[in-house]
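Input: a single structure, listed below in structure tokens.
2 protein chains.
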Amino acid sequence: MTGLSDISIAQAKTLLHIKEIAKKLKLVEDDLEMYGKYKAKLPLSLIDERKVNKHHLVLVTAITPTPAGEGKTTVSIGLTEGLNKIGKQALVVLREPSLGPVFGLKGGATGGGYSQVVPMEDINLHFTGDFNAIEKANNLLAALIDNNIQSKAQNLRIDPRTILWKRVIDMNDRALRDITIGLGGTSNGVPRQDSFNITPASEVMAILCMASSLENLKERLGNILIGFTFDKQPVFARDLKAENAMTILLKEAIKPNLVQTLEENPAIIHGGPFANIAQGTNTIIATKMGLSLSDYVVTEAGFGADLGAEKFLNIKSQFAKLNPKCVVLVLTIRALRHHGGAKSDAYNIPSLAKVAEGFKNLEKHIENIRKFNIEPVVAINSFVSDSEDEVNYIIKKCAGLGVHAVLSEGWAKGGEGTKKLAAAVVDVVENKATQYKPLYSWKLPIKEKIEIIAKEIYGAKKVVYGVQAELNLKRIDRLGFNDFAVCMAKTQKSFSDDDKLIGRPKDFTITVREIEIAAGAQFVIPILGKMSRMPGLPTIPASEHMTIDKNGVISGLS
Amino acid sequence: MTGLSDISIAQAKTLLHIKEIAKKLKLVEDDLEMYGKYKAKLPLSLIDERKVNKHHLVLVTAITPTPAGEGKTTVSIGLTEGLNKIGKQALVVLREPSLGPVFGLKGGATGGGYSQVVPMEDINLHFTGDFNAIEKANNLLAALIDNNIQSKAQNLRIDPRTILWKRVIDMNDRALRDITIGLGGTSNGVPRQDSFNITPASEVMAILCMASSLENLKERLGNILIGFTFDKQPVFARDLKAENAMTILLKEAIKPNLVQTLEENPAIIHGGPFANIAQGTNTIIATKMGLSLSDYVVTEAGFGADLGAEKFLNIKSQFAKLNPKCVVLVLTIRALRHHGGAKSDAYNIPSLAKVAEGFKNLEKHIENIRKFNIEPVVAINSFVSDSEDEVNYIIKKCAGLGVHAVLSEGWAKGGEGTKKLAAAVVDVVENKATQYKPLYSWKLPIKEKIEIIAKEIYGAKKVVYGVQAELNLKRIDRLGFNDFAVCMAKTQKSFSDDDKLIGRPKDFTITVREIEIAAGAQFVIPILGKMSRMPGLPTIPASEHMTIDKNGVISGLS
């Protein structure tokens, strides 16, 4: 254990030139598009479909998390270091951080302690500009929509009251949640109610993460449903001739980014949809790039396994024909105490009784993963407040379920602290993995897909649909979008749609308030409860504690 | 002459690796932070103050332009090629393009024909992310302001009705000119009227262009005046503890970008404020970087010499102690015809009478440049529609005023077409240059500075101040900002504040509607007439004609 901050540990590391990292993947300098000395973009031509399913894909997910998170990124990075330590060639594929949480409360997303990807400052800030490109493509389409409404000559007769497309900004900015635009007279557009979402919630982000090529990206962007005409006919981005310009803005963003871990192993970081309101995993292109270049690929999906992992398996893996061979379920003992009834001021106080009660949450996630024909491994993300009794209890209970549970000490020790976890994962991959199967086929009717997720994964008793949701279902049917995937928007704090139902809730009802269409991504998005697509800053934003000195050395970024 | 588009010419060029361009400046690979193979950022440590005033600075400006522009960027690049052709070591320092005009009407800003900087697509799109960084720093401050108003615990008691700080977006998006934010209840902030500006209009852009170091950037960002408390006390960005986080977002954006011209000469591109609403020239850091690395530096300032050049000389050069040795006044004969009374459908029809009448506009600009103790050279940016008579008339009339006027054929011929222009510039620099002098001292009272510009440069008879402007002057005085520079916001279409007064208007009155404060940039900004800080898209946006194929090859970008 050290008293050092994540950023101090990261800054103390002497980084290898990215050319040296690339060499480990048998890439030559000419394959790289460098962004400074420690970051590079990789051309899509490096994807080799023959290798994608020969190599081993490991998904890291978590139990239902506390607000601090369970440390999936830290465990993913640590596990990658551990796999390399025990003689496997492994790389990690992660999502890119959003600036909103970086300046807000949660911080960045580059791992922690001795399990980090570096340069952490650059990755947590603008990185290679992908989020900006997504934001600009999104907002160009928004400007084209309002310009079309304004213009007499080119008018598609879009009914301004039906516009579905929102502007985005990569910032926690609650004042933009509900706005009116186009005020001030005839030269300033047509007044209408509107709102900004945070950039990771953009359908452009969802599309980039689903796209298979530049051509496919363009087709998907053209397919975005932006609203309806006064005659109730759908209007798509292609009707505004927007898809080429949007693709032009994304021509570099489609390329995955290569960086390194603290132990100089390769890391690919690309795309960053949130997992509560979007699909919560990196791009298909990045995952396939990783599998083209490395025997083992460790990747993660956001929040609990009911969100990120469910979507990773039913949406991404099914669509891209990936075959994940092991799922690592990360937990912290503090989160088990929480699910066992501990209040936040008691999260760090050992309690075997609370852990035993909280274990039910883990047990449900284990059952869920097995429904996909995949064997889970449980990673106990080690904290100083853990008691030996608690750790042993979890290991023993998991053993009773036939599951390896391993203490993961990547935060404190890097790869040295995850060798046991790596060995458990290798055992599953080499000895227990067969062919994963998704839980539903995209071909099923929308309601059937929603109910499979709600009942099989969440454990709900029934699903009810609000008036708006029923209208939305009719619209989906009329537009011929019944075979889209279902990308649930649900709180990460509970299996249910009610934040307060911790542990393993039973006999609850899921209420689908409305169902959005992301026609370019090929999703429908059922909205369960109140889901904000624009976070706010906390009373004391993280930005207040950041400093930068005259040499550019940053502190306070986490 | 060719029938090729700018982008076709640019794409046909086999680019040198940016390492090879850097070698020409005696830089080694380790000095560079590469962004792909053809772009690099240069560390500020390469600035050598001893060399800055030993080397020769040449400013390219223009007569009062038509909407198509006079081709300052094309002439700046062409002149740089020509200087290298005649044996001088020269580089060009330019502004970065804004995405707004790229997708709107005007197109990018990378020159044209055989006088371009490349890779033109990348420079015109996100380039190295500087505009994005500026946008994010600007919008983080905006989010912090609204968050402070929302938060009971941290409240600075900012009166929401007094907030001066606007959000920005690098897009032509008229619907964001006049908006209301913070609607929808207590969790969504405090409702207030607001608006978005285009990113080049951000004070963060103005500040980046005035900053001398990372430390100075941070100090300036802290000095931004964002509004007032309910007790009418000023609130600065530093009161929100915003300046460190904003500087962190700008830590890479402060570094100038190196690219190449079509003839493989070095080009530095950095910063991009518009010249009608802001200071209209690249960063002081980039200009000094150029002068540290090259004997001759050619740079440009936006729109006509009454805007960009006036600000370059009174604000930038005075503040940074630069000594520009020659000013190149670019004109197109079509613009002289316009100033002589030709309507836009007759711009391409030769008319000696109209050129003779339009010459008065040029003559006033020549007189103005001489007021700064600098000798101008006139560059006639050659068009196929020019008649020999018109060209000869201009050359002869200029000779009568003791001014070299030279046909500049950089667009059609690259450096081969600008050797005569280069020779004329070298003659002024080597034989006629002394020490330039600014037209006013920053120490003068605000009204006096405004009147010097209005009378001496614009040729106005008098200046009147609106009620709001008089109130603003009292505020400036109360805050102790009388010694700030004056950065006029005025139409580019006329010497006056009235678009319709072409040629050399006389006996007109300038009306100062209001005066804004940019305390971080150390400007006051008198607003003359209606100046929009957010352009709109045209009926048929340029984006509609752009295409990108499956290999990423773009067409229709200009």
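The listed protein sequences correspond, in order, to chains B and E.
For the first sequence, position 163 (counting from the first letter as 1) is numbered 172 according to the numbering used here, and the numbering increases by one without interruption.
For the second sequence, position 403 (counting from the first letter as 1) is numbered 412 according to the numbering used here, and the numbering increases by one without interruption.
All C-beta atoms in this analysis are idealised placements derived from N, C-alpha and C, irrespective of residue type, glycine included.
Since we're looking at a predicted model, the values are computed, not measured.
First through last residue of the beta strand (DSSP E) which encompasses residue i
i: Thr-614(E); result: Within the shown structure, residues of chain E are numbered from 10 to 567, placing residue 614(E) beyond reach of any answer.
i: Thr-308(E); result: 305-309
i: Ile-235(B); result: 234-237
i: Ser-124(B); result: 124-127
i: Arg-522(B); result: 518-527
i: Val-213(B); result: It is not in any beta strand (DSSP E) - Val-213(B) instead sits in the alpha helix (DSSP H) that spans 212-219.
i: Leu-53(E); result: Unbroken run through Leu-53(E): none, as it is neither H nor E.
i: Asp-203(E); result: 201-203
i: Leu-430(B); result: It is not in any beta strand (DSSP E) - Leu-430(B) instead sits in the alpha helix (DSSP H) that spans 428-436.
Sequence-distant residues of the same chain with beta carbon closer than 7 angstroms to residue i, five excluded per side
i: Lys-33(B); result: Pro-275
i: Met-43(E); result: Ile-27, Ala-49
i: Asn-206(B); result: Lys-175, Val-177, Arg-542, Met-543
i: Gln-98(E); result: Ser-303, Asp-304, Tyr-305
i: Val-61(B); result: Lys-297, Leu-300, Ser-301
i: Asn-157(B); result: Gln-163, Asn-164, Leu-165, Ile-167, Leu-249
i: Asp-506(B); result: Lys-499, Thr-500, Ile-519, Thr-520, Leu-537, Gly-538
Buried versus exposed, by CB contacts within 10 Å (16 or more), residue i
i: Pro-106(E); result: buried
i: Ile-277(B); result: buried
i: Leu-226(E); result: buried
i: Ala-128(B); result: Position check: residue 128(B) holds Pro in this sequence, whereas Ala was assumed. Per the 10 Å Cβ criterion, buried.
i: Asp-508(E); result: exposed
i: Pro-110(B); result: buried
i: Asp-203(B); result: buried
i: Ser-211(E); result: buried
i: Ile-18(E); result: buried
i: Gly-12(B); result: exposed
i: Gln-444(E); result: exposed
i: Ala-68(B); result: For clarity, residue 68(B) is Leu in the given sequence; the question names Ala instead. Buried: at least 16 other Cβ atoms inside 10 Å.
Proximity test, Cβ basis, 8 angstroms: residue i and chain E
i: Asp-168(B); result: no
i: Glu-523(B); result: no
i: Lys-559(B); result: yes
i: Asp-398(B); result: no
i: Asn-156(B); result: yes
i: Phe-245(B); result: no
i: Ser-567(B); result: no
i: Glu-29(B); result: no
is_contact[residue i, chain B] using C-beta, thresh 8 angstroms
i: Ala-568(E); result: What is shown of chain E runs 10 to 567, which leaves residue 568(E) out entirely.
i: Ile-190(E); result: yes
i: Tyr-44(E); result: yes
i: Ala-152(E); result: yes
i: Glu-553(E); result: yes
i: Glu-224(E); result: yes
i: His-413(E); result: no
8 angstroms Cβ shell around residue i - same chain, five flanking residues per side excluded
i: Leu-338(B); result: Thr-70, Ala-71, Ile-72, Ala-314, Leu-371, His-374, Ile-375, Ile-378, Pro-385, Val-386, Val-387, Ala-388
i: Asn-197(B); result: Gly-191
i: Gly-138(B); result: Glu-261, Ala-262
i: Thr-556(B); result: Ile-563, Ser-564, Gly-565
i: Leu-410(B); result: Glu-372, Ile-375
i: Met-540(E); result: Asn-285, Ile-286, Ala-498, Lys-499, Thr-500
Cβ neighbours of residue i in the same chain (closer than 6 angstroms, five flanking residues each side left out)
i: Ile-466(B); result: Asp-315, Glu-319, Asn-377
i: Arg-513(E); result: Lys-369, Asn-370, Lys-373
i: Arg-186(B); result: Ser-204, Met-543
Residue range of the unbroken alpha helix (DSSP H) whose run includes residue i
i: Glu-457(E); result: 455-461
i: Arg-343(B); result: 342-348
i: Lys-471(E); result: No alpha helix (DSSP H) contains Lys-471(E), which is instead part of the beta strand (DSSP E) from 471-474.
i: Ala-414(E); result: First-last for Ala-414(E): 414-417, but that is the beta strand (DSSP E), not the alpha helix (DSSP H).
Entirely within the stretch 65-116 of chain E and at least 4 residues each: give me those alpha helix (DSSP H) ranges in chain order. 81-94, 108-112
Sequence ranges, beta strand (DSSP E) only - wholly within the stretch 223-288 of chain B, length at least 3: 234-237, 243-245, 266-270, 275-278
May I have a chain-ordered list of the beta strand (DSSP E) segments no shorter than 3 residues that lie completely inside the stretch 159-192 of chain E? Correct list: 176-178, 188-190.
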